[in-house]
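Colleague:
Here it is, written out as structure tokens:
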């Protein structure tokens, strides 16, 4: 897929709007206005700080269901996304946790959102919600029925989970693209706020063969220079929060700092490529060892 067409850049920074607890969740506070106000503040902070897109998550609904969420959650997320669409001129995506990609597609289709994130698209994962099986066969058919070209970005070896077989990252990446028909693949660390290793990023980049690859957790202005060479884009939340605390709202100054670090890292890669006469076919083709930190 063409990231430039969707995000107006080939190297997007996608900021996460973590919704406050929604109706029927364990920590629902009773005020949908508070949820909307916080979401609008965070979307505005992301837009003003230079993010290229927003993804909306029901992050604070934990503990999550492992499949379909309650209708009240779908209704609330639909309302929030519609409000954000009217507020900021950025592409918007959805991640309906823990793995309700069908509701994500439905909300996107009704609001004009452009993409969704799916934690388990293919394979079987043991999670704190129980055993979750990928349903790519049903999800892709549902997208066709909706008649909308909503992009599907899927995690491989998703955080807070373990595969029910001997993990092979390269195979998982290839299967997610070739058998799950994902439009992009997301690689995260072992938990929220923790980045993937450079070794895993290198393996995933080689397996992706130029198709979109995103970092899904743990990116910060301190480590982007090491992470950027392998990927096309990043989904970022924790490092953008006030004082770096996940429960705090997004700080536009931290957004700007992250975006600037991301752009500097890409500029440095371009300069190194020119200096070394290296012309890569895609950004996630691993660079030579002299360019990529830690690659041998």
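In this note's numbering, the protein residues as written are -7 to 288.
Positions of the beta carbon are idealized from the N, C-alpha and C atoms, including for glycine.
It should be emphasised that the depicted structure is a prediction, and the values quoted were computed from it without experimental measurement.
By how many angstroms is the C-alpha of residue 268 removed from the C-alpha of residue 12?
Modeller: Within the chain shown, residue 12 is the residue found at index 20, counting from 1. Within the chain shown, residue 268 is the residue found at index 276, counting from 1. Taking the straight line joining both Cα atoms gives about 48 Å.
Colleague: If the criterion is Cβ atoms closer than 8 Å, does the pair residue 156 and residue 7 meet it?
Modeller: As a working mapping, residue 156 is identified with position 164 in the chain shown. As a working mapping, residue 7 is identified with position 15 in the chain shown. Contact: no.
Colleague: Go through its chain and collect everything with a Cβ distance to residue 124's Cβ below 6 Å, but skip five positions before and after it.
Modeller: Numbered from 1 along the chain shown, position 132 holds the residue referred to as residue 124. Once the five neighbours on either side are set aside, the close Cβ partners of residue 124 are 58, 91, 112 and 117.
Colleague: Count Cβ pairs between the region 10 to 30 and the region 202 to 220 that sit closer than 8 Å; are there 3 or more?
Modeller: Too few Cβ pairs lie closer than 8 Å, so no.
Colleague: Buried or exposed: which applies to residue 244, given that a residue is buried once 16 or more other Cβ atoms fall within 10 Å of its Cβ?
Modeller: Counting from one through the chain shown, the residue named residue 244 turns up at place 252. Counting Cβ neighbours within 10 Å, residue 244 comes out buried, since at least 16 surround it.
Colleague: Across which residues does DSSP place residue 10 in a beta bridge pair?
Modeller: As a working mapping, residue 10 is identified with position 18 in the chain shown. DSSP output for residue 10 lists 49 as bridge partner(s).
Colleague: From 133, 72 and 228, pick the residue whose C-alpha is nearest to that of residue 247; which is it?
Modeller: Taking the chain shown and counting its residues from 1, one reaches residue 247 at position 255. Selected option, being the one with the closest Cα: 228.
Colleague: Using three-state DSSP, classify residue 114 as helix, strand or coil.
Modeller: Numbered from 1 along the chain shown, position 122 holds the residue referred to as residue 114. The answer is coil: DSSP assigns residue 114 none of H, G, I, E or B.
Colleague: DSSP on residue 147, reduced to helix/strand/coil?
Modeller: Here residue 147 refers to the residue found at position 155 when the chain shown is read from its first residue. Here residue 147 sits in strand by DSSP.
Colleague: Based on the DSSP secondary-structure assignment, which residues constitute the bridge partners of residue 181?
Modeller: Sequence index remark: in the chain shown, residue 181 carries index 189 (1-based). Answer is none; residue 181 lacks a bridge partner.
Colleague: Only counting the same chain, and skipping five residues up and downstream in sequence, which positions put a Cβ closer than 6 Å to that of residue 66?
Modeller: Along the chain shown, read from residue 1 onward, the residue named residue 66 stands at position 74. Excluding residues within five positions, the ones whose Cβ falls inside 6 Å are 95.
Colleague: By Cβ distance, which residues of its chain are closer than 6 Å to residue 203, with the 5 residues on each side in sequence left out?
Modeller: In the chain shown, counting from the first residue as 1, residue 203 sits at position 211. Correct list, in chain order: 169.
Colleague: Report the CB separation of residue 99 from residue 76 in whole angstroms; it is logged as a contact under 8 Å.
Modeller: Along the chain shown, read from residue 1 onward, the residue named residue 99 stands at position 107. Along the chain shown, read from residue 1 onward, the residue named residue 76 stands at position 84. About 12 Å; that fails the 8 Å criterion.
Colleague: Could you name each continuous beta strand (DSSP E) segment of 3 residues or more that falls completely within the region 50 to 96, going from the start of the chain to the end?
Modeller: As far as the region 50 to 96 is concerned, its whole beta strand (DSSP E) runs of at least 3 residues are 84 to 87.
Colleague: Out of 37, 222 and 55, point me to the one whose CA is closest to residue 257's CA.
Modeller: By 1-based counting over the chain shown, the position of residue 257 is 265. Residue 257 has its Cα closest to that of 222, out of 37, 222 and 55.
Colleague: For residue -3, does the three-state DSSP call read helix, strand or coil?
Modeller: As a working mapping, residue -3 is identified with position 5 in the chain shown. In this structure, residue -3 counts as helix in the three-state DSSP scheme.
Colleague: Could you round the C-beta distance between residue 35 and residue 97 to whole angstroms and report it? I think they count as a contact, below 8 Å.
Modeller: Residue numbering aside, residue 35 sits at position 43 when the chain shown is read from its first letter. Residue numbering aside, residue 97 sits at position 105 when the chain shown is read from its first letter. Residue 35 to residue 97, Cβ: 21 Å. No contact.
Colleague: Just how far apart, CA to CA, sit residue 238 and residue 52?
Modeller: Here residue 238 refers to the residue found at position 246 of the chain shown. Here residue 52 refers to the residue found at position 60 of the chain shown. One C-alpha to the other measures close to 10 Å.
Colleague: Quick check on the DSSP output: the beta strand (DSSP E) that includes residue 228 runs from which residue to which?
Modeller: Position 236 of the chain shown, counting from 1, holds the residue named residue 228. Element bounds for residue 228: 225 to 228.
Colleague: So residue 85 packs on residue 107, CB below 8 Å; how close in whole Å?
Modeller: Numbered from 1 along the chain shown, position 93 holds the residue referred to as residue 85. Numbered from 1 along the chain shown, position 115 holds the residue referred to as residue 107. Right, the Cβ-Cβ distance comes to about 4 Å (below 8 Å), so this counts as a contact.
Colleague: Just list the residues that DSSP pairs residue 233 with in beta bridges.
Modeller: Taking the chain shown and counting its residues from 1, one reaches residue 233 at position 241. DSSP output for residue 233 lists 242 as bridge partner(s).
Colleague: Give the single residue among 178, 15, 171 and 187 whose Cα lies nearest to the Cα of residue 225.
Modeller: By one-based count along the chain shown, residue 225 stands at place 233. Minimum Cα distance to residue 225 is reached at 178.
Colleague: Cβ of residue 154 less than 8 Å from any chain B Cβ?
Modeller: In the displayed structure, chain B is absent; only one protein chain is listed.
Colleague: Is residue 93 closer than 8 Å to residue 131 when the C-beta atoms are compared?
Modeller: Counting from 1 along the chain shown, the entry for residue 131 is found at position 139. Counting from 1 along the chain shown, the entry for residue 93 is found at position 101. A contact, by the Cβ cut-off of 8 Å.
Colleague: So is residue 191 buried or exposed if we call it buried at 16+ other beta carbons inside 10 Å?
Modeller: Here residue 191 refers to the residue found at position 199 of the chain shown. Classification of residue 191: exposed, given that the 10 Å Cβ count is below 16.
Colleague: With distances taken from CA atoms, which of 103, 236, 81 and 261 is nearest residue 185?
Modeller: Position 193 of the chain shown, counted from the first residue, corresponds to residue 185. When only C-alpha atoms are compared, the closest one is 236.
Colleague: Under 8 Å, do residue 205 and residue 176 count as touching if we go by C-beta distance?
Modeller: By 1-based counting over the chain shown, the position of residue 205 is 213. By 1-based counting over the chain shown, the position of residue 176 is 184. In contact: residue 205 and residue 176 (Cβ atoms closer than 8 Å).
Colleague: Below 7 Å CB to CB, which residues in the same chain sit around residue 234 once its five sequence neighbours on both sides are set aside?
Modeller: In the chain shown, counting from the first residue as 1, residue 234 sits at position 242. Taken in chain order, the residues that qualify are 240, 241 and 243.
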